[in-house]
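There are 2 protein chains.
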Amino acid sequence: MELEQSAALDAESKIADAPGDHKAELRLWLRLLATNSLIETEIRRRLRERFDVTLPRFDLMAQLERKPHGMTLGELSQRMMVTNGNVTGLVDRLLAEEVISRKQHKSDRRSHIVSLTEKGRRQFARMAKEHKDWIAAMFGELTQSECVALTKMLGKLKTSVRIAVTQS
Amino acid sequence: MELEQSAALDAESKIADAPGDHKAELRLWLRLLATNSLIETEIRRRLRERFDVTLPRFDLMAQLERKPHGMTLGELSQRMMVTNGNVTGLVDRLLAEEVISRKQHKSDRRSHIVSLTEKGRRQFARMAKEHKDWIAAMFGELTQSECVALTKMLGKLKTSVRIAVTQS
DNA sequence: GAAAAATAGTTTAGGCTTAAAGTAATTTCA
DNA sequence: TGAAATTACTTTAAGCCTAAACTATTTTTC
Chain A
20 MELEQSAALD AESKIADAPG DHKAELRLWL RLLATNSLIE TEIRRRLRER
70 FDVTLPRFDL MAQLERKPHG MTLGELSQRM MVTNGNVTGL VDRLLAEEVI
120 SRKQHKSDRR SHIVSLTEKG RRQFARMAKE HKDWIAAMFG ELTQSECVAL
170 TKMLGKLKTS VRIAVTQS
Chain B
20 MELEQSAALD AESKIADAPG DHKAELRLWL RLLATNSLIE TEIRRRLRER
70 FDVTLPRFDL MAQLERKPHG MTLGELSQRM MVTNGNVTGL VDRLLAEEVI
120 SRKQHKSDRR SHIVSLTEKG RRQFARMAKE HKDWIAAMFG ELTQSECVAL
170 TKMLGKLKTS VRIAVTQS
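Chains A and B, in that order, give the protein sequences.
Each position in the first sequence, counted from 1, maps to that position plus 19 in the numbering used here.
Each position in the second sequence, counted from 1, maps to that position plus 19 in the numbering used here.
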């Protein structure tokens, strides 16, 4: 309905710029979702097949790997963009596998610091090496500069989303 | 491996093209993951808040909305990129809400056709309208042509991934 | 046409995830 | 200082999701 109006007003822009349509945005969102899902499913499959590990556990270990002194559960949940309760469960399972350790925070008795054990560091190193190659192979059709450009544009999208989410 | 060659040949590109590094690809993957997660979390939150519905249910209804004659569970699971068992469960819950119906396939007695009920169509229409505006607002900082360009690049990435996944 | 293979869907066990409510410790501030 | 608010984390209930094993039916193959 609105489509007809704008087409009448602005013959140049045609359907593409039609207000209230938002086809391009929806299309982008569906594409983003599908692409992400495709990669994620494959990574999950390989992590399980090769290392009998899940993506969330791999993610958590990846976070810890960057902080040799460990981090609190709250910090982890922030960085992983998941709830505290989720982290509690993941930490429990990784503790059982002895790839991480948990100790009381020195000054704040509510808080705990988790970090990779030696076993965890070794295990993660092995996984990260292959993981890196999987991504490289999957992204192989893109040139270096295409990767950089795409990263940049996604950065802009991310900023756009953040603005909208914060405002609402 | 081919990368090494090219790095040797092209001294200008230096670290950026360092072989076995793959920083740009990893960075892109993390950015993709984070962006997707940000949007998805917000959409889930709003769907729940406004319509007391989950994203998977919304997705399933969106698939059916495009096929007035309905589709089989297998077709659904393919389009949604999830397992058959997952669809079975979702369909059960949506049946209970009476927004979809299920009937035997005419010629293949293993198969079932599900489609939106009138109630389901009405409900989905309401949700889709708002959903579209949420996406439009979240993507608002991007111009129309940026959306199109980003969609195109993600298409290339998707193709790249498909090639790698199919080969392996 | 009957055995074998493939297909459509369901069930099961287990992990992931969330929101909401709960516990314990710390901080704020009146 | 001590009550109120906040913070860090855990628990719980319910839904999502998967792989693997299963049932029922259809298709293939000999």
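Yeah, the Cβ is synthetic: ideal placement off N, Cα and C, and Gly gets one too.
Do you know whose CA, among I58(B), A53(B) and R50(B), lies nearest A190(B)'s CA?
-> Beyond the ends of chain B as shown, which are 20 and 187, falls residue 190(B); an answer cannot be given.
Notebook entry, point to check: If we count Cβ pairs, one from each stretch, closer than 8 Å, do we get three or more for the stretch 82-89 of chain A versus the stretch 132-145 of chain A?
Noted result: Flag = yes, the stretch 82-89 of chain A and the stretch 132-145 of chain A touch.
**Message:** Please report whether the beta-carbon of G93(B) lies at a distance below 8 Å from any beta-carbon of chain A.
**Reply:** For this step, residue 93(B) is matched to residue 74 along the second sequence. Not a single C-beta of chain A is nearer than 8 Å to the C-beta of G93(B).
If you check the beta carbons only, do F77(B) and L66(B) fall under 8 Å apart?
For this step, residue 77(B) is matched to residue 58 along the second sequence. For this step, residue 66(B) is matched to residue 47 along the second sequence. L66(B) is positioned such that its CB atom lies closer than 8 Å to that of F77(B).
Could you tell me the distance, in whole angstroms, from the CA atom of M146(B) to the CA atom of T162(A)? The sequence position of residue 146(B) within the second sequence is 127, counting from 1. The sequence position of residue 162(A) within the first sequence is 143, counting from 1. Straight-line measurement puts the Cα of T162(A) at about 39 Å from the Cα of M146(B).
| message | Against chain A, which members of the stretch 104-129 of chain B pass a CB distance test of less than 7 Å? | response | The stretch 104-129 of chain B vs chain A, Cβ under 7 Å: nothing.
- Message: Along the chain, where does the beta strand (DSSP E) containing S134(A) start, and where does it finish?
- Response: Start at 1 with the first residue of the first sequence, and residue 134(A) comes out as number 115. Start and end: H131 to L135.
Exercise for the section: Rounded to whole angstroms, what's the CA-CA distance from D127(A) to S120(A)? Just pull it up for me. Expected result: The residue given as residue 127(A) occupies position 108 in the first sequence. The residue given as residue 120(A) occupies position 101 in the first sequence. S120(A) has its alpha-carbon roughly 18 Å from the corresponding atom of D127(A).
DSSP bridge partner residues for Q163(A) (one or two, in chain order):
Within the first sequence, numbered from 1, the residue matching residue 163(A) stands at position 144. Looking at the DSSP output, Q163(A) bridges to nothing.
Report yes or no: is there a C-beta of chain A within less than 8 Å of the C-beta of G89(B)? Counting from one through the second sequence, the residue named residue 89(B) turns up at place 70. No, its Cβ sits nowhere closer than 8 Å to a Cβ of chain A.
query: Going by other Cβ atoms of all chains shown within 10 Å of its Cβ, with 16 needed for buried, is K177(A) buried or exposed?
result: By one-based count along the first sequence, residue 177(A) stands at place 158. The Cβ neighbour count for K177(A), taken over all protein chains shown within 10 Å, is at least 16; the residue is labelled buried.
Beta-ladder partner(s) of Q123(A), from DSSP
The residue labelled residue 123(A) in the question sits at position 104 within the first sequence. The beta-bridge partner set that DSSP reports for Q123(A) consists of H131(A).
Whole-number beta carbon distance between M99(B) and L79(B), since they are thought to touch under 8 Å | The residue you call residue 79(B) lines up with position 60 of the second sequence. The residue you call residue 99(B) lines up with position 80 of the second sequence. The beta carbons of L79(B) and M99(B) sit about 7 Å from each other, so the pair counts as a contact at 8 Å.
* **Supposed close pair R64(A), E149(A) - CB separation, criterion 8 Å** => Along the first sequence, one-based indexing puts residue 64(A) at 45. Along the first sequence, one-based indexing puts residue 149(A) at 130. That pair is no contact at about 13 Å.
Any beta-carbon of chain A closer than 8 Å to the one on M80(B)?
Here the question's residue 80(B) lines up with position 61 in the second sequence. The beta carbon of M80(B) does not come within 8 Å of any beta carbon belonging to chain A, so the residue lies off that interface.
Close-in-space but distant-in-sequence residues of the same chain around F143(A) (CB under 6 Å, 5 per side omitted):
Taking the first residue of the first sequence as 1, we reach residue 143(A) at position 124. Closer than 6 Å at the Cβ level, and outside the excluded window around F143(A), lie M80 and E84.
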